[in-house]
Amino acid sequence: ALPIHQEVGNRRGECRTTRDLGKSYYMLGQKQQALEYYRQALIISQEFQDPFGKGTTLQNAAFVYVDQARYAEALYCLLIAQRIFDELHSPYSHDTRKQIDSLQEIIGAEQFMSLLAEVEPQAQHIVDQALLTPGGP
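If you're matching positions, the sequence shown starts at 21 in the numbering used here and goes up one per residue.
Here's what the structure looks like:
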């Protein structure tokens, strides 16, 4: 599907398929490959200004980062996804909130609050660096 979407210029389809490939690699335990596909999907979603695609991609990438114990990156992704879904009045906002709460349970409330204070002001910049830099996160 990906080559067909690319050939006909269907960027939305390309983004969705790329994100699905990321999910597939994540399920296979190939987390770096999953992050590479999420990076590509994020770039595509930004190119054609698809906030829902961007939010979904960030939400998916957060799962990988949590599995890798890269909690700051996970929180960065989740905070931006939460903002996007809130702006869109999307039901995914609730799912993202649950992921944030789950992250807090994983690392503990005190460490979470410290991490939140550290990362919240720079979330967009960090996501740009981690996911939009060629070569992957």
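Ideal Cβ placement from N, Cα and C applies to all residues, glycine included.
Computed from a prediction, not measured in an experiment: that's the story for all the values here.
Identify whether residue i lies in helix, strand or coil by the three-state DSSP scheme.
i	result
residue 70	coil
residue 145	helix
residue 109	coil
Whole-angstrom Cβ separation of residue i and residue j, contact assumed at under 8 Å?
i	j	result
residue 62	residue 92	About 17 Å separates the two Cβ atoms, so there is no contact after all.
residue 15	residue 102	The requested residue 15 is not part of the displayed model; the chain covers only 21 to 157.
residue 99	residue 140	6 Å
Leaving aside the five residues before and after residue i along the sequence, list all residues of the same chain whose C-beta is less than 8 Å from its C-beta, in chain order.
i	result
residue 126	86 and 91
Determine the direct distance from the alpha carbon of residue j to that of residue i, and round the result to whole angstroms.
i	j	result
residue 122	residue 68	31 Å
residue 104	residue 143	13 Å
residue 71	residue 45	23 Å
For residue i, I'd like the list of residues in its chain whose CB is within less than 7 Å of its CB, leaving aside the five on either flank, ordered along the chain.
i	result
residue 88	51
residue 35	61, 64, 65, 70 and 73
- Only counting runs of 4 or more residues, tell me where the alpha helix (DSSP H) segments fall wholly within the segment 27-105, in order along the chain. Runs of the alpha helix (DSSP H) inside the segment 27-105: 31-47, 51-67 and 71-87.
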